[in-house]
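Contents: one structure, followed by commentary.
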Amino acid sequence: MSQVVAFPTPPPGGPPALSQGAQGQARGAESPFVRQVRNRLGDLALAISTGSAMALVLLILFVVIGDVIIHGSARFSLRFITSAPEQGMTAGGIFPALFGTVAMVVLMTLAVVPVGVATAIYLHEYAPAGSPVTRAVRIAVNNLAGVPSIVFGLFGLGFFIQFVGAGMDRIFMGGQKVFGQPALLWAALTMAILTMPVVIVATEEALRSVPRELREASLALGATKFQTVFRVVVPQGLPGILTGTILAISRGAGEVAPILFTGVAYFLPRLPATLHDQFMHLGNHVYVLSTQSPDVDATKPLLYATVLVLLILTFVLNLSAVVVRSRMRKRFAGAGH
Amino acid sequence: MPTTNGGPEVSTTSLSGLGRLRLARPPRWHGMAETLIKILALSAIAAVILIFVFVAKEALPLFYSAVIHKEVTLRQMWLAQQWPGYDAPDHIWQPVSEIPKYGVWPLVVGTIKVSFIAMLVGAPLGIGAALWVSQFARPRVREIVKPVVELLAGIPSVVLGFFALMVMATWMQDAFGLESRLNSLVAGVALSFAIIPVIFTISEEAFGAVPRSYVEASVALGAARWQTVVRVLLPAASPGIAAGVALGLGRAVGETMIVLMASGNAAILSGSLTESVRTLAATIAAELAEVVFGGAHYTVLFYLGTLLFISTFVVNSAGDWIIARMKRRLGMSS
Amino acid sequence: MPMSTTGDAKMKMEVRDLQVYYGSKRALAPVSIDLPEKNVTALIGPSGCGKSTFLRSLNRMNELIPSCRVMGDVRLDGDAIYGPGIDPVVVRRRIGMVFQRSNPFPKSIFENVAYGLRIGGIKDRGEIAGRVEKALRQSALWDEVKDRLADNALGLSGGQQQRLCIARALAVEPEVLLMDEPASALDPIATAHIEELIDELASTYTVVIVTHNMQQAARVSDWTAFFYMGDLVEFDRTNSIFTKPTQAKTEDYITGRFG
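Protein chains in written order, with the working numbering: chain A, 12 to 348; chain B, 57 to 390; chain C, -2 to 256.
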């Protein structure tokens, strides 16, 4: 049932050359040789340009990390991590900053994980499916992820410290300024709100990845929605939830802007002991030392080593997230359907 | 005829509830746990909405309060003002001085300059690298390169700012003979380091999502690889790439620490890319520590914060809209 | 008028004027039918005829779809299963279901079968173990898995997984077992196992099975209901339907004039 293709009549100079191939032009267009050269050059240009882009990106990564490692390893040691700074930040270690960072991150995680996971569970399992309210909530959460980190600092200062904290002081502390000032608690809560979208989105994705058939099987056996969610869906989505949590923690450990005014201090004589104490922080330490140090050369070794500690911390966290994610993929890749 | 099996757990309706095995109803704490989940979720949702509302609310006095207007008004912020001691009306940002000046344009222009440089450097690098991975990398190489680039994403912005301040600024000043060591070029380039991973990851996914049939059709027609890339792959992946670029831009506009450390923090209004600048985000970060709660400076800073999140909202929404349009034009379902 | 030509057998479930809508589209015209106890009833018909919709209405699984509306009356031993105060959880314990594609939980074989018991509040280890063994024996899987109950269920073959799902459903001792094309994803040998199983189960349970395979319906069932485009066209003893159908449509379908 094929149709006869009408071939163009050959030009008066004789039949067209057979070597035109798939790009056969009818008459008089560029010769196949020119075309081949153009294509080879084009392909080469493509390879070179994209390859150099890739190389540059890798170069950037290695230069930044390399610089930190090279200059930071001089001072980096177990003593460095476990002792306090001395002599105006030119000697000693950064244990208080490490402690403060960890303390804040732990508090932040305690706040964000239950709330974020609960919100995702609610949005995905309980909220009415196509309702405009649910959609509006998702839009709000997605936009929250794009809000500049300093805006959270504004919120932390204006709302947590000046409103909630001051109110608490009035009611519980008889006007004494305890909570109405920068504190570990407020910094942790501010960071919790900042990292909440990460946890919510990761958890929702994990919940979504659980196939409908498993939920149906559970419900058909006489389970309630609650039982189905907590015995079948959440356990299967746990790796995804864990990944989200770890990423949130990593983000929380590295962000500085939101905590600048909500709880962090450059130098404190004691470690934070209560929720309303201020705390030292690795990232803030780097910021202050780089920009406000009276003697840059003297503090440089300590500064670089601090950066190294911060980098190691965030990298270990990110790496564990990647490991959890790939282990999860392997676990379910080899399974059944 | 309704039958009941007796016992405390029996349902009160006509259906005998326990079946042959007399299984129990779910324990009561399940209901309480569900309520707890709903409460937590609703508080989180309330918090999300509260942020937008609260930040905007703290900026409102700028619009109506007479007390604030004695020090600054919106007109004064956006229009050039004639200040004593200056030859001509100018936009000046100098809130901490005998005569507080709140000209916003230097900050806005500073933000635009830095973001522009960041996108100029970051977008081609990110897209180019993603293209390389999609076209030239073997699967094993791809599996290594992608997590490596994600490492770049994991570097906290304060570290990038530190690197720009300590190393890049000096290098650039030596290489290009710049007057100010910290300027928008340094900050912009450092900022691009932060957005390259974002653009890379999303573009790489976009390239991967282009159906093989498109590429195969082009190759079957005898197109060279570069022709296939330029005429088929890039257009087909453009919605995804646009999404990545939009996300990167949003990140660039709002980024604080890198700019705070590397831009010189001088609120200068000029077209030159090699002068110090101040961005909106860095301004808030630098000045919030000293403000009087409820005062004019405080209110203006909240106003700037509102500007920031409105602009990121606009950029994200514009990005979504462009992507939807592109998808429609390419005939894909979104 | 309920379709029933069974004067002597006791009816396990009675359906009167059951209609199902998805949004504004009617998927099931008013259907009335009696399902005899401890018999196997097969539901046959071409794709989209409403047999699966009907099946899922029997254990209130349809209401998981948001746009679905069910009207009419369905009774189990004379008790209505739809109604404002009636908990679907309770219904589903007495009416179990096996799905077309086996869907074991990513847990161990033991935990899969024990799932229904645990959510039902049974805590005694000995009792659970005993019931798990009983269910696995009933679904002819015990001998094959008794030494590896702690293994992941997803490591079983397709046919074994489906028998596992049957065991899982049987563990809570339902009275009715609904099967939605249980063997359609299986090879002929596994299918034969399932069909043998259905035969044995019929002595204890009332079985309702949806199948697109007419020969299977003829082999396995005592009663057959033929659905077409949302309507119940004919319901009779399997022998009668396949040898002397009374409706022209039924005869056309059975003789393969359309499918």
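Each residue gets a CB set at the ideal place from its N, CA and C atoms; glycine is no exception.
None of the values given here were measured: they were computed from a predicted structure.
Counterpart residues of residue i in DSSP-defined beta bridges
i: Phe232 (chain C); result: C:Ala222
i: Glu172 (chain C); result: DSSP, once it has assigned bridges, lists no residue as partnering Glu172 (chain C).
i: Pro96 (chain A); result: A:Gly103
i: Met291 (chain A); result: Per DSSP, none; premise fails for Met291 (chain A).
i: Thr38 (chain C); result: C:Val205, C:Trp220
i: Tyr298 (chain A); result: DSSP, once it has assigned bridges, lists no residue as partnering Tyr298 (chain A).
i: Met133 (chain B); result: In DSSP, Met133 (chain B) forms no bridge with anything.
i: Val275 (chain A); result: A:Phe290
i: Ile92 (chain C); result: C:Val173
i: Trp149 (chain B); result: B:Tyr158
i: Asn149 (chain C); result: C:Ser105
Contact under 8 Å by Cβ, residue i with residue j
i: Ala268 (chain A); j: Ile161 (chain A); result: yes
i: Thr312 (chain B); j: Ala345 (chain B); result: no
i: Asn100 (chain C); j: Leu175 (chain C); result: no
i: Ser64 (chain C); j: Tyr112 (chain C); result: no
i: Gly265 (chain A); j: Phe290 (chain A); result: no
i: Met224 (chain B); j: Ala246 (chain B); result: yes
i: Ala138 (chain A); j: Phe96 (chain C); result: no
i: Ser94 (chain A); j: Phe106 (chain A); result: yes
i: Ile252 (chain B); j: Gly178 (chain B); result: yes
i: Val370 (chain B); j: Arg307 (chain B); result: no
i: Asp288 (chain A); j: Ala194 (chain A); result: yes
i: Val213 (chain A); j: Val123 (chain A); result: It is worth fixing the name first, because residue 213 (chain A) is Ala in this sequence and not Val. No. Outside cutoff.
i: Ala276 (chain B); j: Asn50 (chain A); result: no
i: Ala199 (chain C); j: Val37 (chain C); result: yes
i: Ala150 (chain C); j: Gln159 (chain C); result: no
Own chain partners of residue i with C-beta closer than 7 Å, once the 5 adjacent residues on each side are dropped
i: Met68 (chain C); result: Gln16
i: Val271 (chain B); result: Thr284, Val288, Leu289
i: Ser328 (chain B); result: none
i: Glu231 (chain C); result: Phe223, Ile238, Pro242, Thr243, Gln244, Thr247
i: Ser190 (chain B); result: Glu260, Phe263, Gly264
i: Ala114 (chain A); result: Leu195, Pro283, Phe290
i: Tyr354 (chain B); result: Val347, Val348
Boundaries of the alpha helix (DSSP H) in which residue i is found, first to last residue
i: Ser248 (chain B); result: 240 to 265
i: Arg23 (chain C); result: Premise fails: Arg23 (chain C) lies in the beta strand (DSSP E), 22 to 33, not in any alpha helix (DSSP H).
i: Val347 (chain B); result: Here Val347 (chain B) belongs to no alpha helix (DSSP H), and DSSP marks it neither H nor E.
i: Lys236 (chain A); result: 236 to 239
i: Val78 (chain A); result: Note that residue 78 (chain A) corresponds to Asp in the displayed sequence, not to Val. 43 to 83 is the span of the alpha helix (DSSP H), which, as asked, contains Asp78 (chain A).
i: Ile257 (chain C); result: In the structure displayed, chain C extends from -2 to 256; residue 257 (chain C) sits before or after that span and is not available.
i: Leu134 (chain A); result: It is not in any alpha helix (DSSP H) - Leu134 (chain A) carries neither H nor E in the DSSP assignment.
i: Ala166 (chain C); result: 155 to 167
i: Phe108 (chain B); result: 84 to 115
Limits of the unbroken beta strand (DSSP E) element including residue i
i: Asp14 (chain C); result: 8 to 19
i: Met224 (chain B); result: Met224 (chain B) -> no beta strand (DSSP E), and no H or E assigned at all.
Cβ-based neighbour list, residue i, same chain, cut-off 6 Å, excluding 5 preceding and 5 following
i: Ala185 (chain B); result: Phe256
i: Ala122 (chain B); result: none
i: Leu221 (chain B); result: Met317, Ala318
i: Ala33 (chain A); result: Bear in mind that the predicted position of Ala33 (chain A) carries a pLDDT of just 47, short of 50, making it unreliable; the figure below should be weighed with that in mind. So the list is empty, once near-sequence residues are dropped.
i: Gly35 (chain A); result: Residue placement at Gly35 (chain A) is poorly supported in this model, since its pLDDT is 49, which falls under 50; the coordinates still yield a value, given next. Hits under 6 Å: none found.
i: Ile206 (chain C); result: Ala39, Met176
i: Ile238 (chain C); result: Thr221
i: Arg66 (chain C); result: Tyr18
i: Gln150 (chain B); result: Lys157
i: Phe272 (chain A); result: Gly164, Leu168
i: Gln138 (chain B); result: Pro145
Close-in-space but distant-in-sequence residues of the same chain around residue i (CB under 8 Å, 5 per side omitted)
i: Ala374 (chain B); result: Ala302
i: Pro250 (chain A); result: Ala217, Val335, Arg336, Arg338, Met339, Arg342
i: Gly104 (chain A); result: Arg90, Phe91, Ile92, Thr93, Ser94, Ala95, Pro96
Residue i Cβ short of 7 Å to the ligand FMN heavy atom set
i: Ala309 (chain A); result: Ligands are entirely absent from the displayed structure, and the ligand FMN is therefore not among its contents.
Cβ of residue i within 8 Å of any chain F Cβ
i: Val144 (chain A); result: Of the chains in the structure shown, none is chain F; the protein chains are A, B and C.
Practice item. Just list the alpha helix (DSSP H) runs in the stretch 152 to 206 of chain A, keeping only unbroken ones of 4 residues or longer that don't cross its boundaries, in chain order. Key: Fully enclosed alpha helix (DSSP H) runs of no fewer than 4 residues occupy 160 to 166, 177 to 183 of the stretch 152 to 206 of chain A, in order along the chain.
Practice item. Give, in chain order, every unbroken run of the beta strand (DSSP E) that is at least 3 residues long and sits entirely within the stretch 40 to 89 of chain C. Key: Correct list: 65 to 73.
Check your understanding: Counting only runs that start and end within the stretch 300 to 361 of chain B, where is the alpha helix (DSSP H) found for 4 or more residues in a row?
Key -> Runs of the alpha helix (DSSP H) spanning 4 or more residues and lying entirely within the stretch 300 to 361 of chain B occur at 313 to 318, 336 to 343, in chain order.
Review point. Which runs of the alpha helix (DSSP H) spanning at least 4 residues fall entirely within the stretch 173 to 216 of chain C, listed in chain order?
Key: Every unbroken stretch of the alpha helix (DSSP H) spanning 4 or more residues and falling wholly within the stretch 173 to 216 of chain C is given here in chain order: 185 to 198.
Point to revise | Secondary structure, beta strand (DSSP E): runs of 3+ residues fully inside the stretch 163 to 195 of chain B | key: If we require 3 residues or more, the stretch 163 to 195 of chain B turns out to have no beta strand (DSSP E) run fully inside it.
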